[in-house]
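S.K.: After the structure tokens below, expect a handful of questions from me.
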Amino acid sequence: MTQSRPPAADSDASGSGAPWKRGGSSPSRPVEGGRPPDRPAAEGGCGPASPIQRAFEAELGMVAGSEATVLLLGESGTGKSASARRLHAASRRADGPLVEVHLGALTPTLVESELFGHEKGAFTDASRSRAGCFRRAQGGTLVLDDVDLLPGPAQVKLLRALQERVVEPVGAEAPVAIDVRFCATTNRDLRAEVEAGRFREDLYYRLAVVTLEVPPLRARSEDLPGLVETLLAGIGARLGRPARPLGAGCLERLGAHAWPGNVRELENALERVCALGPAQTPIDVHEFDFLDEVAAGIPEELARQALAHGLTAEQLEAALLAEALREQRGNLSAAARRVGLTRRAFEYRVARTGEGDDGGHHDEAEAESQRGGG
Numbered sequence: 001m002t003q004s005r006p007p008a009a010d011s012d013a014s015g016s017g018a019p020w021k022r023g024g025s026s027p028s029r030p031v032e033g034g035r036p037p038d039r040p041a042a043e044g045g046c047g048p049a050s051p052i053q054r055a056f057e058a059e060l061g062m063v064a065g066s067e068a069t070v071l072l073l074g075e076s077g078t079g080k081s082a083s084a085r086r087l088h089a090a091s092r093r094a095d096g097p098l099v100e101v102h103l104g105a106l107t108p109t110l111v112e113s114e115l116f117g118h119e120k121g122a123f124t125d126a127s128r129s130r131a132g133c134f135r136r137a138q139g140g141t142l143v144l145d146d147v148d149l150l151p152g153p154a155q156v157k158l159l160r161a162l163q164e165r166v167v168e169p170v171g172a173e174a175p176v177a178i179d180v181r182f183c184a185t186t187n188r189d190l191r192a193e194v195e196a197g198r199f200r201e202d203l204y205y206r207l208a209v210v211t212l213e214v215p216p217l218r219a220r221s222e223d224l225p226g227l228v229e230t231l232l233a234g235i236g237a238r239l240g241r242p243a244r245p246l247g248a249g250c251l252e253r254l255g256a257h258a259w260p261g262n263v264r265e266l267e268n269a270l271e272r273v274c275a276l277g278p279a280q281t282p283i284d285v286h287e288f289d290f291l292d293e294v295a296a297g298i299p300e301e302l303a304r305q306a307l308a309h310g311l312t313a314e315q316l317e318a319a320l321l322a323e324a325l326r327e328q329r330g331n332l333s334a335a336a337r338r339v340g341l342t343r344r345a346f347e348y349r350v351a352r353t354g355e356g357d358d359g360g361h362h363d364e365a366e367a368e369s370q371r372g373g374g
């Protein structure tokens with residue numbers, strides 16, 4: 001699935017609570033200092049309150065004024081796509097098209113045609129020529145969402161597009177020159193995907209010219225008040241009625257939730273209580289009780305299954321640590337983050353449960369050093 005956006009100011013605050021508007025900069029003129037020309041009052045008019053989000057916004061603003069390819073990392077729901085849109089809106093290409101490609105929505109057989117285009121008659125169903133996303137983004141920005149899902153053959157063609165700035169539509173006799181800025185997003189560890197042989201190493205380094213990590217919501221609790229206000233305003237607009245204000249204790253209740261689904265989960269929770277309650281009536285704190293049910297439902301079911309199988313607490317912990325290590329392919333730092341522990345605490349628990357006996361674990365720095373030395 002692809003989505004083309006006109007060169008208008010981005011009003012999606014779901015990524016940071018502080019969207020940037022594009023000013024009157026010309027495509028041929030860089031944004032001074034790489035900073036966004038305007039910052040609307042999404043969080044009290046001062047931008048994000050949390051240091052981690054302010055640092056992210058500063059980095060995003062700095063790189064916006066360049067032509068560097070940007071790789072945006074982050075958990076699901078953190079607002080990677082919204083950040084990519086703000087990157088485009090603050091760039092010298094803001095008057096050009098913004099084309100987003102959601103690779104997870106494309107079947108492997110359609111990816112190359114969708115990205116690179118095809119000529120009429122190139123295959124059975126090609127009754128007409130198709131420009132493809134690269135050519136539709138000419139003069140603007142192309143955003144590849146979930147780039148880790150790109151099939152192997154398409155990875156080769158993307159690498160050529162990045163290196164040579166040309167694409168070759170399916171069935172074409174000659175390549176076509178492109179003038180596009182690239183941005184890619186992923187919620188996976190691409191270095192681990194490279195090590196597993198699922199992602200090309202040369203393509204990874206072409207994409208990761210500038211790598212920025214979108215902070216999870218749990219790391220930026222100071223931004224919650226402004227973010228909630230912004231999201232409620234947007235929800236009210238979608239519902240066609242004034243947004244419901246938060247009642248007593250609601251903000252504290254929302255702040256106590258871990259938000260594993262990040263900003264997307266927060267927005268869904270707010271939309272649920274707004275849709276189910278009378279317009280303009282303050283939201284009662286107990287209307288958010290369903291968050292406890294969602295959070296507790298999975299652990300309770302797992303606990304019941306564990307007891308039914310006679311598992312001990314130590315066995316459960318060992319299984320969780322082992323699965324985190326397996327999922328992260330032995331990367332201790334990544335596995336520790338996955339289960340919400342520091343690396344030191346994770347190592348201690350692994351050693352205590354005996355899951356560290358195989359010696360197949362590594363740290364991110366070690367893995368990078370080994371690749372550099374190879």
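So the sequence shown is numbered by the UniProt record's numbering: it starts at 1 and just counts up by one.
Beta carbons are placed, not taken as given, at the ideal position from N, Cα and C, and that holds for glycine.
Buried or exposed: where does residue 120 fall if 16 or more other Cβ atoms within 10 Å of its Cβ makes it buried?
M.R.: Exposed.
S.K.: Check for me: the beta strand (DSSP E) holding residue 101 runs from which residue to which?
M.R.: 98 to 102
S.K.: Does the distance from the C-beta atom of residue 184 to that of residue 143 stay below 9 Å?
M.R.: yes
S.K.: Return yes when the Cβ of residue 254 is within less than 9 Å of the Cβ of residue 214, no when it is not.
M.R.: no
S.K.: What are the boundary residues of the alpha helix (DSSP H) that includes residue 353?
M.R.: Run containing residue 353: 343 to 353, per the alpha helix (DSSP H) assignment.
S.K.: Please confirm whether residue 98 and residue 70 have their CB atoms less than 9 Å apart.
M.R.: no
S.K.: Count Cβ pairs between the segment 140 to 160 and the segment 101 to 115 that sit closer than 8 Å; are there 3 or more?
M.R.: yes
S.K.: Three or more beta-carbon pairs under 8 Å between the segment 266 to 274 and the segment 233 to 249, yes or no?
M.R.: yes
S.K.: According to DSSP, is residue 316 helix, strand or coil?
M.R.: When secondary structure is reduced to three states using DSSP, residue 316 falls in the helix class.
S.K.: What does DSSP give as the partner residues of residue 167 in its beta bridges?
M.R.: 176
S.K.: Give the secondary structure of residue 214 by DSSP, where H, G and I count as helix, E and B as strand, and everything else as coil.
M.R.: coil
S.K.: Need the endpoints of the beta strand (DSSP E) that residue 71 sits in, please.
M.R.: It spans 70 to 73 - the beta strand (DSSP E) in which residue 71 sits, taken as one unbroken run.
S.K.: Give me the DSSP bridge partner(s) of residue 184.
M.R.: 71 and 144
S.K.: Could you have a look at residue 128 and say whether DSSP puts it in helix, strand or coil?
M.R.: coil
S.K.: Which whole-angstrom value describes the C-beta separation of residue 150 and residue 111, a residue pair presumed to lie in contact below a C-beta threshold of 8 Å?
M.R.: 7 Å
S.K.: Have a look at residue 199 and residue 148 and give me their C-alpha separation to the nearest angstrom.
M.R.: 7 Å
S.K.: Whose CA, out of 89, 51 and 161, lies closest to the CA of residue 117?
M.R.: Measuring from the Cα of residue 117, the nearest candidate turns out to be 161.
S.K.: Using beta-carbon positions only, say whether residue 331 and residue 76 come within less than 9 Å of one another.
M.R.: For residue 331 and residue 76, no; Cβs fall outside 9 Å.
S.K.: So, residue 223 versus residue 49, is the Cβ gap smaller than 9 Å?
M.R.: yes
S.K.: Quick one: Cα of residue 174 to Cα of residue 165, how far?
M.R.: 13 Å
S.K.: Compute the beta-carbon to beta-carbon distance between residue 81 and residue 60, rounded to the nearest angstrom, for a pair I have assumed lies under 8 Å.
M.R.: Between residue 60 and residue 81 the Cβ distance is about 13 Å, and since that is not below 8 Å, they are no contact.
S.K.: Can you tell which of 207, 170 and 277 has the C-alpha that lies nearest to the C-alpha of residue 130?
M.R.: 170
S.K.: Quick test of your reading: residue 328 and residue 322, contact by CB under 8 Å. State the CB separation rounded to the nearest angstrom.
M.R.: The Cβ separation is near 11 Å, so there is no contact.
S.K.: When you compare the CB positions of residue 132 and residue 158, do they come within less than 9 Å of one another, or not?
M.R.: no
S.K.: Would a C-beta distance cut-off of 9 Å place residue 141 and residue 197 closer than the cut-off?
M.R.: no
S.K.: My output table needs one value for residue 190: the three-state DSSP class, helix, strand or coil.
M.R.: Residue 190 falls in the helix class under three-state DSSP.
S.K.: Please list the terminal residues of the continuous alpha helix (DSSP H) segment that includes residue 202.
M.R.: 201 to 207
S.K.: For residue 339 and residue 351, what's the separation of their Cα atoms in angstroms?
M.R.: 16 Å
S.K.: Give the straight-line distance between the Cα atoms of residue 265 and residue 191, rounded to the nearest whole angstrom.
M.R.: Cα to Cα, the separation comes out at about 27 Å.
S.K.: Once you ignore the five residues that flank residue 113 on each side, which residues in its own chain have a CB closer than 6 Å to its CB?
M.R.: 170
S.K.: So what does DSSP say about residue 150, is it helix, strand or coil?
M.R.: Residue state, collapsed to three classes: coil.
S.K.: According to DSSP, is residue 246 part of a helix, a strand, or is it coil?
M.R.: strand
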